[in-house]
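Position one of the sequence shown corresponds to residue 9 (this note's numbering), numbered consecutively onward.
From the three backbone atoms N, C-alpha and C, an ideal C-beta is built for every residue, glycine too.
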Amino acid sequence: ELDGGTQPMVFGGRSDAGGEACTGCSRQCTGSASDGVRAMQSCPERAEAMADKMVKLVALRRAANRTRKLAVVLFNFPPNGGAAGTAQFLAVFDSLHRTLVRLKAEGYDVEVPANSDEVRRRVIGGNAMQYGQEANVHAFVPADRIVATEPYLAEIEQEWGPAPGKFQSDGKNVLITGAQFGNMFVGIQPANGYESDPMRLLFDGRFAPTHAFMAFYRWIRNDFGAHAVIHWGTHGSLEFMPGKQTGMTMSCWPERIIQDLPNIYLYAANNPSEGVLAKRRSGATLVSYLTPALTNSGLYKGLSDIKASVDRWRATEPGSSDLPGLEEIIREQAEAIDLDSSDISQLAAKLYEIERELIPQGLHVFGDAESEDARIDMLAASAQARTSGLGGAGEAIDRDTIEKLINGRIVPNTPVLIELAKLNAALSVNHEMNGLIRALDGRYVPPVAGGDILRDPEILPTGRNIHGFDPFRLPSAYACRDGAAQAERILDRALEDAGKLPETVAMVLWGTDNLKSEGAQVAQAMALMGAKPRFDSYSRLAGAELIPLEQLGRPRVDVLVTLSGVFRDLLPLQTRMLAEAALLASEADEPPEANFVRKHSLSYSQEHGCDMATAALRVYSNAEGSYGANVNLLIDSGGWTDPNELADTYEKQKGYAYGVDGKPNRQPGLLASALKTVDCAYQNLESVELGITTIDQYVDTLGGISRAITRAKGGEAAPVYIGDQTQGSGKVRSLQEQVALETRTRTLNPVWIEAQLKYGYEGVRQVEAAVTTTTGWSATTGQVDPWVYQRISETYMLDEAMRQRIAEMNPRAAAKIANRLIEAAERNFWQPDAETLAALQAATDAIEDQLEGVAPPTTMAA
Numbered sequence: 009e010l011d012g013g014t015q016p017m018v019f020g021g022r023s024d025a026g027g028e029a030c031t032g033c034s035r036q037c038t039g040s041a042s043d044g045v046r047a048m049q050s051c052p053e054r055a056e057a058m059a060d061k062m063v064k065l066v067a068l069r070r071a072a073n074r075t076r077k078l079a080v081v082l083f084n085f086p087p088n089g090g091a092a093g094t095a096q097f098l099a100v101f102d103s104l105h106r107t108l109v110r111l112k113a114e115g116y117d118v119e120v121p122a123n124s125d126e127v128r129r130r131v132i133g134g135n136a137m138q139y140g141q142e143a144n145v146h147a148f149v150p151a152d153r154i155v156a157t158e159p160y161l162a163e164i165e166q167e168w169g170p171a172p173g174k175f176q177s178d179g180k181n182v183l184i185t186g187a188q189f190g191n192m193f194v195g196i197q198p199a200n201g202y203e204s205d206p207m208r209l210l211f212d213g214r215f216a217p218t219h220a221f222m223a224f225y226r227w228i229r230n231d232f233g234a235h236a237v238i239h240w241g242t243h244g245s246l247e248f249m250p251g252k253q254t255g256m257t258m259s260c261w262p263e264r265i266i267q268d269l270p271n272i273y274l275y276a277a278n279n280p281s282e283g284v285l286a287k288r289r290s291g292a293t294l295v296s297y298l299t300p301a302l303t304n305s306g307l308y309k310g311l312s313d314i315k316a317s318v319d320r321w322r323a324t325e326p327g328s329s330d331l332p333g334l335e336e337i338i339r340e341q342a343e344a345i346d347l348d349s350s351d352i353s354q355l356a357a358k359l360y361e362i363e364r365e366l367i368p369q370g371l372h373v374f375g376d377a378e379s380e381d382a383r384i385d386m387l388a389a390s391a392q393a394r395t396s397g398l399g400g401a402g403e404a405i406d407r408d409t410i411e412k413l414i415n416g417r418i419v420p421n422t423p424v425l426i427e428l429a430k431l432n433a434a435l436s437v438n439h440e441m442n443g444l445i446r447a448l449d450g451r452y453v454p455p456v457a458g459g460d461i462l463r464d465p466e467i468l469p470t471g472r473n474i475h476g477f478d479p480f481r482l483p484s485a486y487a488c489r490d491g492a493a494q495a496e497r498i499l500d501r502a503l504e505d506a507g508k509l510p511e512t513v514a515m516v517l518w519g520t521d522n523l524k525s526e527g528a529q530v531a532q533a534m535a536l537m538g539a540k541p542r543f544d545s546y547s548r549l550a551g552a553e554l555i556p557l558e559q560l561g562r563p564r565v566d567v568l569v570t571l572s573g574v575f576r577d578l579l580p581l582q583t584r585m586l587a588e589a590a591l592l593a594s595e596a597d598e599p600p601e602a603n604f605v606r607k608h609s610l611s612y613s614q615e616h617g618c619d620m621a622t623a624a625l626r627v628y629s630n631a632e633g634s635y636g637a638n639v640n641l642l643i644d645s646g647g648w649t650d651p652n653e654l655a656d657t658y659e660k661q662k663g664y665a666y667g668v669d670g671k672p673n674r675q676p677g678l679l680a681s682a683l684k685t686v687d688c689a690y691q692n693l694e695s696v697e698l699g700i701t702t703i704d705q706y707v708d709t710l711g712g713i714s715r716a717i718t719r720a721k722g723g724e725a726a727p728v729y730i731g732d733q734t735q736g737s738g739k740v741r742s743l744q745e746q747v748a749l750e751t752r753t754r755t756l757n758p759v760w761i762e763a764q765l766k767y768g769y770e771g772v773r774q775v776e777a778a779v780t781t782t783t784g785w786s787a788t789t790g791q792v793d794p795w796v797y798q799r800i801s802e803t804y805m806l807d808e809a810m811r812q813r814i815a816e817m818n819p820r821a822a823a824k825i826a827n828r829l830i831e832a833a834e835r836n837f838w839q840p841d842a843e844t845l846a847a848l849q850a851a852t853d854a855i856e857d858q859l860e861g862v863a864p865p866t867t868m869a870a
């Protein structure tokens, strides 16, 4: 994995005397051992599986291009919301059309429609309405064939009932959705099956895939006869199906599904951690693609007006007779756009923050180099990041200089200009399509460590096989210093707000963020506890050690850690290190008032009658082979009635404690006790491209634990903080502040809106995701200002031209936006006036009529 290798497989190892069966394999291992001596032996099932995979790769490489059959898998999450054919940062249908053009030029027997809109219409239009599906029905898999050929039928039927099941089925057949373009089939990956079933989300357990999910991949492999499958963007469900965390066998659902089919996966270059999981659990060869170019948010409408007034106020001499009038104008302008004007100096700083915030520009088209304008924006963002802390160069570069650099009118003669010139050259070309062609030839795809362009321009050119960093070196020395500084920032903010040091901080750790930052978040959690990593003589991570209290200079703060499933899988050494730090602090002979970890562990030990090792458990995640808290799915379904249901699903999914042995142990009682002591919840924001309102994974874990804390504390909510590390040295904001900032710089910002809507169907889906995620924060924390919903309503639904525009592009997602705003009102997240609510309802009715073919969008009621 550290070298970018693909299809990692365990095909042998040491076996106990007697040749006992390997874990997860029913076959007896070959080889011999006597007198208790452990011998190296092969595992027949795995060795045969490896040989089968190699045979398929050889067949792929030897097949003539004109005879190769390719299956492209598009994603649909969440289902029934206009999300069929979307992927993180990727313009899916534009990318598909460009790829068909390139494959045709390479001699593949593929049909190339006139444009990307025609590709989209054929895939997600066609006969979809006739069959009540979200995409064209291309083929049928009869139930009797499933019964006759599915080797895991009993396990699937135990979960989903008799074949063909209720999902993507007409009662007699599983429906395969998608469309065929010559020798390329473009299909929609079936849903997991439980997204729209709130009761299932409340139960803890491992689910088998649906009949439709299994039949889809079997049809691709056997009926269509694909030489290879291409998973089209970041990311789908296959690699997150139940099974072992690593070392797949045929007892694991990802291996059962993909089997020997060569798997190529287009993956965002900034997401090495989940990409590694795609390799580890589905044997994927990754081909990286760029994230969208970045630009400054800028100011618009009332924001630019109030900035002009504030600038005039700042330039006015103190005591001038003009000041009272200016201040009155500023107060009126601020009130009109929901800004606090009680301190005009702070208002000026807020406007500067909004104006300078970096935001992504739409989506990326696979294989496209960046335009000149996009490169100027990207180099400006890189220069801004460098001068504000990421690069530390301290050399300010203005936009005019960047334009001259790109056009060759100046020679790069300083370190920053030289680096910017290299970045411009790398962005001027694109090797993504070449990487895909190499992968389809069964050839070597050069590897590169994944990361953000601003931090790691070495990820360019894209089109390479991304991988992660060496886990034995995390956290790095730099990350330990940075993490300690971040720990002090969160303590300072909590102290400022509450007037006292927090005793317990609930912290969410992601694998992706820690790979990007060399483990800074892990180091931050360690620093809060007053601990640091311990390395062996080979500079490999070996565990934890405590920092003496006199050196720490403050009490040890307790940290309740929630790990993402990806973190748990990729960073087991760090998981054990965090657990060891909590245990060492719990056992330290120190006064409880100077060691909150020990104070709470002593309390838990007495409350639960357990030993100190159990009372010291602070690291929680999913059971092995399970991912996510399901809070986001419950919110998306809209099927919850009591906020405690959100707490329930979080605790049941994330209630597994990981101790110093690294093994999960369900501890619901201990978790409940720990939640009662939490004074604030916290997560870092590491990626400029992502925001806490643009993807729902933040709501899933940070929002989930926040709701669980509120319940544990008898209805008393704990503050929620976001550590924004995307620019400069970092800044801690309350969740309320972060949502407001992102709403202004993204969801309501014409620059962001137009960049999204440039991609039509997929862009509207991005808007809908932001609205749904925002309501998720209200559901889990209650820390979203009501004006947010009012302004979103005015921007997308009450503006008739905008409403018609998005309804024409993606009626399902447009209807979901309107319904989500109404749901927010019904749940008292905001209280619109009667006229606004009536207009929202009229918009919903009109869009749904359009979906059902009753009326065109031009007849929508105002």
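For the alpha helix (DSSP H) holding V605, just list the boundary residues, first then last. 604–616
Backbone secondary structure at E834 - three-state DSSP: helix
With DSSP as the reference, label A240 as helix, strand or coil. Just to set this straight, residue 240 is Trp in the shown sequence, not Ala. Of the three classes helix, strand and coil, the one that applies to W240 here is strand, per DSSP.
Taking a contact to mean a Cβ-Cβ separation below 8 Å, would you say I266 touches G291 in this structure? yes
Just tell me which of T702, T803, K739, A344 has its CA closest to the CA of P368. T702
Out of N640, M192, M58, S305, point me to the one whose CA is closest to R110's CA. M192
Report yes if the CB atom of E511 is closer than 8 Å to the CB atom of T685, and no otherwise. yes
Since V567 sits in a beta bridge, which residues does DSSP pair it with? V513
Considering only their Cβ atoms, is the gap separating V513 from I498 smaller than 8 Å? yes
Separation of H475 from P280, as counted between CA atoms: 5 Å
Using 8 Å as the Cβ pair cut-off and three pairs as the minimum, do the segment 790–803 and the segment 745–760 touch? yes
Is R289 buried or exposed, if buried means 16 or more other CB atoms sit within 10 Å of its CB? buried
Taking buried to mean at least 16 other C-beta atoms within 10 Å of its own C-beta, is K61 buried or exposed? buried
Neighbour-count burial assignment, P326, 16 or more Cβ in a 10 Å radius: exposed
M817 classed as buried or exposed, judged by whether at least 16 other C-beta atoms fall within 10 angstroms: buried
Hey, could you find the ends of the alpha helix (DSSP H) E553 is sitting in? Looking at the DSSP string, E553 is not in any alpha helix (DSSP H); the run it does join, the beta strand (DSSP E), is 549–554.
Among W795, A434, S801, which residue has its Cα nearest to the Cα of D376? A434
Looking at the structure shown, is L693 part of a helix, part of a strand, or coil, going by DSSP? strand
Classify E860 as buried or exposed, calling it buried when 16 or more other Cβ atoms lie within 10 Å of its own Cβ. exposed
Are the segment 753–764 and the segment 302–311 touching, with three or more C-beta to C-beta distances below 8 Å? yes
CB A187 to CB L78, shorter than 8 Å? no
Given a cut-off of 8 Å on the beta-carbon distance, is the pair E553 and A539 in contact? yes
From this set, Q354, K766, L848, which residue's C-alpha is nearest I800's C-alpha? L848
Can you tell me where the alpha helix (DSSP H) with A57 in it begins and where it stops? 52–70
What does the alpha-carbon distance come out to for the pair D385 and K430? 15 Å
Given that a residue counts as buried once 16 or more other Cβ atoms are within 10 Å of its Cβ, and exposed if not, what is T866? In this predicted model, T866 has a pLDDT of only 43, less than 50, meaning its place in the structure is not dependable enough to derive any value.
Going by DSSP, what residues sit across from M192 in a beta bridge? L78, F189
Those residues which DSSP pairs with I367 across a bridge: T303
Label P159 either buried or exposed according to how many other C-beta atoms from any shown protein chain fall within 10 Å of its C-beta, with 16 as the threshold for buried. exposed
Restricting to Cα atoms, I'd like to know which of R562, A589, A777 is closest to S645. A777
Applying the 10 Å Cβ sphere with the 16-neighbour rule, what's the burial state of A29? Legend: pLDDT at A29 = 48, less than 50; position of this residue unreliable, value from coordinates given subsequently. Per the 10 Å Cβ criterion, exposed.
CA-to-CA distance, A216 to N638, given in whole angstroms: 16 Å
Confirm, please, whether the CB-CB distance from R70 to D117 is below 8 Å. no
contact_flag[the segment 581–598, the segment 614–628] where n(CB pairs < 8 Å) is 3 or more: yes
How many angstroms separate the CA atom of M7 from the CA atom of A391? Here the chain covers residues 9 to 870 and nothing more, so residue 7 does not appear.
With DSSP as the reference, identify every bridge partner of Q49, one or two as the case may be. G21
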